[in-house]
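When we follow numbering that gives the first Met the number 0, the leftmost residue of the first sequence carries the number 0, and every step to the right adds one. Every residue gets a Cβ at the ideal spot worked out from N, C-alpha and C, and that includes glycine.
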Amino acid sequence: MPELPEAETIRRQLEAEVTGKTVRRLELLHPRAWRAHTSPKELADLVEGRRIVRVGRRGKAPYLLLNSKRPSVLIFRLGMTGLVRVAKVTRRAGASAPAPFRAAGAEAEPSALRAVLTLTGGRELRFYDQRLFGELVAFPTHDVDNTPEFAHYGPEPFSGEFTLDYLKDHLSRRSAKLVDVLMNQQIVAGIGKIYSDEACFRAGVRPGRRAWSVTGPMRERLWRAIREVLSVGIEARGSSAKDETFRDVYGIPGRFQDRMQVYQRTGQPCRVCGTPIKRARIASGRGMHWCPKCQK
DNA sequence: AGTTGGACCTGACTGC
DNA sequence: TGCAGTCAGGTCCAAC
């Protein structure tokens with residue numbers, strides 16, 4: 000599932016690959032590839048003929064800052080299975096459907112192709128999304144943090160705003176489970192199932208605890224663990240575990256799954272103490288994983 | 001307002 | 001072998 004490390008991997012690669020290029024054309028290949036309140040024409044107007052001046056990321060979403068005479072931003076909401084690929088333009092001008100893309104890594108499912116941005120310089124960006132939870136979103140501004148997409152977001156985990164006191168404050172005021180608080184994008188942006196479970200393991204705290212019950216040295220361990228585990232995830236170029244379709248823009252899987260301690264390891268021995276990893280459901284029906292001995 | 005649970009979606013997997 | 005049922009989770013939304 001694309002979370003902050005996966006989005007940051009995409010951001011870094013796109014920055015190197017497409018900065019300075021101009022979007023010639025946007026093709027939308029599925030009615031759910033863009034947000035419903037924007038028409039395809041509005042979206043195309045915000046993207047086509049504009050130069051990519053910067054590549055950014057907020058939480059789990061990479062975005063392109065575009066400009067010609069007026070600024071705009073194109074946000075990739077990746078949802079569950081969203082992928083962004085960079086490819087050479089291989090089809091002839093005027094052809095309506097892109098040829099299946101084969102990259103150095105695993106091949107993306109051609110039927111999951113939702114949108115194509117043709118760029119200058121013979122490159123194109125392809126947006127794939129198997130389960131259709133992702134979409135493209137654009138706004139006529141560079142003030143990204145104040146767009147409807149991100150206005151309600153909490154601080155970036157690596158920003159100076161995400162202090163220990165900030166985390167303590169939000170934990171103490173919540174009765175929800177810790178894992179739900181960590182995944183709440185309004186509290187801190189960029190954490191999903193994988194990295195919340197892994198941060199809790201690293202901090203030695205059970206993800207099912209009520210947030211207010213996380214007190215004392217646990218809070219500082221958790222605060223450090225969040226950033227450590229996200230840093231490791233970024234270094235590993237994201238996570239491509241068994242059920243995960245994530246690939247980088249070249250089609251290459253990430254390596255964080257090799258470092259996972261609890262996520263998707265139900266019943267397997269804890270790498271620290273050998274106790275079988277447990278799994279339980281949280282409010283939204285999703286799973287959380289923890290070691291019953293290492294985590295209190 | 002905060003918390004909880006369902007809906008959305010489809011490929012992979014499970015069990016009969 | 002085939003096919004219905006289940007699982008997976010990011011985000012939104014309704015109900016309490």
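The stretch 51 to 65 touching the stretch 26 to 38, judged by at least three CB pairs closer than 8 angstroms: no
One or two residues paired with Ile276 in a DSSP bridge: Here residue 276 is taken as the residue at index 277 of the first sequence, counted from 1. The partner list for Ile276 (beta bridge, DSSP) reads Thr265.
Applying the criterion that 16 or more other CB atoms from any shown protein chain within 10 Å of the CB defines a buried residue, is Asp128 buried or exposed? On the first sequence, position 129 is the one that residue 128 refers to. By the 10 Å Cβ count, Asp128 comes out buried.
For Arg53, which of Asn183, Ile233, Phe157 and Gln12 has the nearest alpha-carbon? Translated into the one-based positions of the first sequence, residue 53 becomes position 54. Considering only alpha carbons, the answer is Gln12.
How should Ser212 be labelled, buried or exposed, when 16 other C-beta atoms within 10 angstroms of its C-beta is the threshold for buried? Position 213 of the first sequence, counted from the first residue, corresponds to residue 212. Answer is exposed; the Cβ neighbour count stays below 16.
Tell me which same chain residues have a C-beta within less than 6 angstroms of the C-beta of Val271, skipping the five on either side of it? Here residue 271 corresponds to residue number 272 of the first sequence, with the count starting at 1. Cβ neighbours of Val271 beyond the five flanking positions: Cys293.
From this set, Ile225, Pro206 and Trp222, which residue's C-alpha is nearest Ala282's C-alpha? In the first sequence, the residue the question calls residue 282 occupies position 283. Ranking the options by Cα distance to Ala282, first place goes to Pro206.
Hey, could you find the ends of the alpha helix (DSSP H) Val231 is sitting in? By one-based count along the first sequence, residue 231 stands at place 232. Residues Pro216 to Glu234.
Please determine, among Glu227, Met287 and Ala175, the residue with the shortest C-alpha to C-alpha distance to Leu3. Taking the first residue of the first sequence as 1, we reach residue 3 at position 4. Nearest C-alpha to Leu3: Glu227.
Tell me the rounded alpha-carbon separation between Pro154 and Glu160. Numbered from its first residue, the first sequence carries residue 154 at position 155. Numbered from its first residue, the first sequence carries residue 160 at position 161. Cα to Cα, Pro154 sits roughly 6 angstroms from Glu160.
Judging by CA-CA distance, which residue of Phe126, Ile276, Leu181 and Ala60 is the nearest neighbour of Trp222? Walking along the first sequence from the start, residue 222 turns up at place 223. Measuring from the Cα of Trp222, the nearest candidate turns out to be Leu181.
Could you check if Thr244 is buried or exposed, using at least 16 other CB atoms within 10 Å of its CB as the buried criterion? Taking the first residue of the first sequence as position 1, residue 244 is located at position 245. It counts as buried.
Sort Ala15, Thr162, Arg10 and Lys167 by Cα distance to Arg218 and report the nearest one. In the first sequence, residue 218 corresponds to position 219, counting from 1. Residue Lys167 is the option with its Cα nearest to Arg218.
Span separating the alpha-carbon of Arg76 from that of Ala32: Translated into the one-based positions of the first sequence, residue 76 becomes position 77. Translated into the one-based positions of the first sequence, residue 32 becomes position 33. Cα-Cα distance, rounded: 10 angstroms.
How long is the line joining the alpha carbons of Arg130 and Met0, rounded to whole angstroms? What you label residue 130 is simply residue 131 of the first sequence in a count that begins at 1. What you label residue 0 is simply residue 1 of the first sequence in a count that begins at 1. Cα to Cα, Arg130 sits roughly 11 angstroms from Met0.
How would you call Pro354, buried or exposed, if buried means at least 16 neighbouring beta carbons within 10 angstroms? Only positions 0 to 295 of the chain appear in the structure, and residue 354 is not among them; the question remains open.
When the Cα atoms are used, what is the spatial distance from Ile190 to Thr214? Within the first sequence, residue 190 is the residue found at index 191, counting from 1. Within the first sequence, residue 214 is the residue found at index 215, counting from 1. So the two alpha carbons sit approximately 21 angstroms from each other.
Would you kindly work out how many angstroms separate the C-alpha atoms of Arg125 and Gln263, rounded to a whole number? In the first sequence, counting from the first residue as 1, residue 125 sits at position 126. In the first sequence, counting from the first residue as 1, residue 263 sits at position 264. Computed Cα separation, rounded: 29 angstroms.
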